[in-house]
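K.L.:
Right, I'll just put the structure down here and ask away after.
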Amino acid sequence: MGIRTLIGMLVAAVAVIAAMATQEAYRLFLPGLLQGAVLTIEIAILGSLLAIVMGVFAALARLYGPAPVRWLATVYVEIFRGTSALVQLFWLFFVLPQFGVSLDAFLVAVVALGLNVGAYGSEVVRGAILSVARGQWEACTALNMSRAQMLRRIILPQAFVAMIPPWGNLFIELLKSTALVSLITLSDLAFKAQQMNQNTFKTIPIFTLVLLMYLAMSLVLTIGMRLLERRASLGLARGRAG
Amino acid sequence: MTEQPMVRFENVSKRYGALTVLDGLNLDIARGEKVSIIGPSGSGKTTVLRMLMTLETINDGVIWVEGEPLTHMKKNGTLVPADLAHIRKIRAKIGMVFQSFNLFPHMTAMQNCIEAPITVLGMKRTDAEARAAELLDMVGLSQKKDHYPSQLSGGQQQRVAIARACAMRPKIMLFDEVTSALDPELVGEVLEVIRKLGREHDLTMLMVTHQMGFAKEFSDRVCFFHAGKICEQGPPNELFGAPKNERTRQFLHAVLEAG
Ligand SMILES: Nc1ncnc2c1ncn2[C@@H]1O[C@H](COP(=O)(O)OP(=O)(O)OP(=O)(O)O)[C@@H](O)[C@H]1O
Ligand SMILES: [Mg+2]
Chain A
133 MGIRTLIGML
143 VAAVAVIAAM
153 ATQEAYRLFL
163 PGLLQGAVLT
173 IEIAILGSLL
183 AIVMGVFAAL
193 ARLYGPAPVR
203 WLATVYVEIF
213 RGTSALVQLF
223 WLFFVLPQFG
233 VSLDAFLVAV
243 VALGLNVGAY
253 GSEVVRGAIL
263 SVARGQWEAC
273 TALNMSRAQM
283 LRRIILPQAF
293 VAMIPPWGNL
303 FIELLKSTAL
313 VSLITLSDLA
323 FKAQQMNQNT
333 FKTIPIFTLV
343 LLMYLAMSLV
353 LTIGMRLLER
363 RASLGLARGR
373 AG
Chain B
35 MTEQPMVRFE
45 NVSKRYGALT
55 VLDGLNLDIA
65 RGEKVSIIGP
75 SGSGKTTVLR
85 MLMTLETIND
95 GVIWVEGEPL
105 THMKKNGTLV
115 PADLAHIRKI
125 RAKIGMVFQS
135 FNLFPHMTAM
145 QNCIEAPITV
155 LGMKRTDAEA
165 RAAELLDMVG
175 LSQKKDHYPS
185 QLSGGQQQRV
195 AIARACAMRP
205 KIMLFDEVTS
215 ALDPELVGEV
225 LEVIRKLGRE
235 HDLTMLMVTH
245 QMGFAKEFSD
255 RVCFFHAGKI
265 CEQGPPNELF
275 GAPKNERTRQ
285 FLHAVLEAG
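Protein chains in written order, with the numbering used here: chain A, 133 to 374; chain B, 35 to 293.
As structure tokens, this is what we get:
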């Protein structure tokens with residue numbers, strides 16, 4: 133989909149939210165929902181940052197780490213890909229305290245979602261690194277670069293472009309998964325909506341607003357990733373197309 | 035006292051599974067010598083260069099550079115397989131130019147030439163740039179220093195690749211069919227740069243080539259490879275003028291036939 137269409141959709145979603153806000157009956161839901169949305173956004177951003185860090189480290193560890201590090205990274209990736217985010221949240225929030233480690237719910241949310249998405253992200257990073265042409269690695273060797281120098285200066289900058297679209301998908305997955313945190317006592321957007329619905333039974337306006345808010349957030353994300361992709365591939369295009 | 039060879043392949047073998055690509059190769063290359071490697075496809079020519087560049091490991095034997103082992107290191111008086119630190123120390127003397135250029139696409143010609151001098155040799159940026167500018171001038175591309183690889187013709191890209199390799203000040207330069215990917219009209223400009231490099235720099239050169247005319251005119255010695263062995267070697271006049279081996283004759287005949 134073109135970036136204009138996406139921006140059009142975003143404008144429409146925000147316009148509908150604004151129009152609904154002019155209605156007396158809907159206006160009173162807005163502050164609570166926005167409060168929830170802020171928490172959702174905070175968790176999504178911090179979780180995404182953790183996911184990037186984990187994804188890059190796990191990928192490098194699996195590709196180049198010494199055997200124990202490699203195993204550790206593989207175990208991490210398989211556990212977090214192989215079990216659901218909900219179970220991971222519950223485990224960190226309800227089971228870990230039984231072993232004497234109590235974490236704040238917000239921290240659990242960020243850590244669980246970040247680790248979960250980071251596990252998928254490591255495959256994205258790994259694939260992108262391996263997709264860089266073999267000749268690039270060989271040129272680095274011929275110039276006597278160390279592994280770290282090759283990765284940092286030559287391979288990762290080229291792999292970066294290939295990583296952007298799949299990371300965009302993962303960030304959206306993460307954003308949607310934040311709705312799970314309402315199950316560990318956090319008042320995110322989904323939680324606020326349920327709470328208001330139980331109190332007022334105004335199901336249609338509440339969930340319509342919530343739907344539009346999630347849509348707006350993911351559209352912002354998609355548009356941002358598209359712009360990033362466009363910028364990054366421009367740098368490479370100067371080097372590719374002739 | 036005879037001088038150390040710059041490069042010595044001592045009984046080097048390379049196998050891929052059951053396939054023996056090089057079989058007990060012995061080859062000495064003197065300091066400053068220009069050696070061409072010719073031979074049919076699959077005879078192991080590229081493999082020789084790749085082993086010396088440490089892009090391939092070897093299965094048997096030892097490769098020496100200026101009297102020091104490259105593939106091995108000395109430990110308690112015996113040779114053990116080299117670790118990465120040792121390999122990098124010796125490898126610093128070797129540079130390579132590839133058939134497919136392998137320039138870094140996200141960097142300009144200038145950036146390609148200063149990257150490794152700065153990150154690997156720890157040179158100051160201004161010094162690296164000054165050296166790169168000289169080298170780009172030598173290959174006739176000072177005008178194109180801010181161009182990205184895609185904005186350059188194949189011949190220009192290959193000349194940048196030569197400048198990039200030279201920027202690391204290697205003593206030994208390896209060329210693997212560096213004109214094979216080029217349109218015929220661009221071959222000459224690259225060969226001219228290699229000639230210049232041979233004249234002006236004190237380099238030991240080892241090149242795999244299908245350009246028989248160039249091999250004849252440029253090299254001190256030509257090695258004809260066949261099935262993973264040196265089948266015949268000698269000064270270009272002798273090898274091209276009066277090949278002794280039947281296989282060499284057949285190969286040269288076939289190549290000249292093809293034009
Ligand atoms: N990575 C590899 N795995 C398996 N076999 C290989 C590999 N690399 C090379 N070979 C084989 O080794 C042999 C020698 O290859 P090499 O590339 O050295 O030949 P060459 O003389 O350079 O040929 P050409 O003139 O076609 O470039 C060939 O039979 C080739 O198929
Ligand atoms: Mg070859």
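A virtual CB, placed ideally from N, CA and C, is assigned to each residue, including glycine.
Return the chain-ordered list of same chain residues with a C-beta closer than 7 Å to the C-beta of residue 135/A, the five sequence neighbours on each side being excluded.
P.N.:
Answer for residue 135/A: 355, 358, listed in chain order.
K.L.:
Is it the case that the stretch 175-188 of chain B contacts the stretch 103-119 of chain B, given that we only count it when at least three CB pairs across the two stretches are under 8 Å?
P.N.:
no
K.L.:
So with CB distances below 7 Å, who are the chain B contacts of residue 285/A?
P.N.:
149, 153
K.L.:
Tell me the residue span of the beta strand (DSSP E) that contains residue 235/B.
P.N.:
In the DSSP assignment, residue 235/B falls outside any beta strand (DSSP E), carrying neither H nor E.
K.L.:
Return the chain-ordered ranges of every alpha helix (DSSP H) run that is complete within the stretch 85-131 of chain B and spans a minimum of 4 residues.
P.N.:
118-125
K.L.:
Closer than 6 Å to a non-hydrogen atom of ligand 1 - does that hold for the CB of residue 263/B?
P.N.:
no
K.L.:
In this structure, how does DSSP classify residue 135/B when only helix, strand and coil are distinguished?
P.N.:
coil
K.L.:
Within 10 angstroms of the Cβ of residue 317/A, are there 16 or more other Cβ atoms? Answer buried if so, exposed if not.
P.N.:
exposed
K.L.:
From this set, 324/A, 360/A, 227/A, 265/A, which residue's C-alpha is nearest residue 293/A's C-alpha?
P.N.:
360/A
K.L.:
Are residue 291/A and residue 338/A touching if we call contact CB-CB under 7 Å?
P.N.:
No, they are not a contact pair.
K.L.:
Report yes or no: do the stretch 159-168 of chain A and the stretch 224-240 of chain A share at least 3 C-beta pairs separated by less than 8 Å?
P.N.:
no
K.L.:
Between the beta-carbon of residue 146/B and the beta-carbon of residue 138/B, is there less than 7 Å?
P.N.:
yes
K.L.:
Could you name the residues that DSSP lists as bridge partners for residue 258/B?
P.N.:
72/B, 266/B
K.L.:
Return yes when at least one heavy atom of ligand 1 lies under 6 Å from the C-beta of residue 58/B, else no.
P.N.:
For residue 58/B, the shortest separation between its Cβ and any heavy atom of ligand 1 does not lie below 6 Å.
K.L.:
Verify the CB distance criterion: does residue 35/B have a CB-CB separation below 7 Å to chain A?
P.N.:
Residue confidence for residue 35/B is low, a pLDDT of 48 falling below 50, so the modelled location carries little weight; the figure read from the coordinates is stated next. Residue 35/B does not count as touching chain A.
K.L.:
Applying a beta-carbon distance threshold of less than 7 Å, which residues of chain B neighbour residue 289/A?
P.N.:
140
K.L.:
Given the structure, does residue 80/B come close to ligand 1, in the sense that its CB is under 6 Å from one of the ligand's heavy atoms?
P.N.:
yes
K.L.:
Taking 7 Å as the CB-CB cut-off, is residue 237/B touching chain A?
P.N.:
With 7 Å as the cut-off, residue 237/B does not count as an interface residue toward chain A.
K.L.:
Looking at chain B, is there any beta carbon in it that lies within less than 7 Å of the beta carbon of residue 275/A?
P.N.:
yes
K.L.:
Measuring only between beta-carbons, confirm whether residue 372/A sits less than 7 Å from chain B.
P.N.:
Legend: pLDDT at residue 372/A = 48, less than 50; position of this residue unreliable, value from coordinates given subsequently. At least one chain B Cβ lies under 7 Å of residue 372/A.
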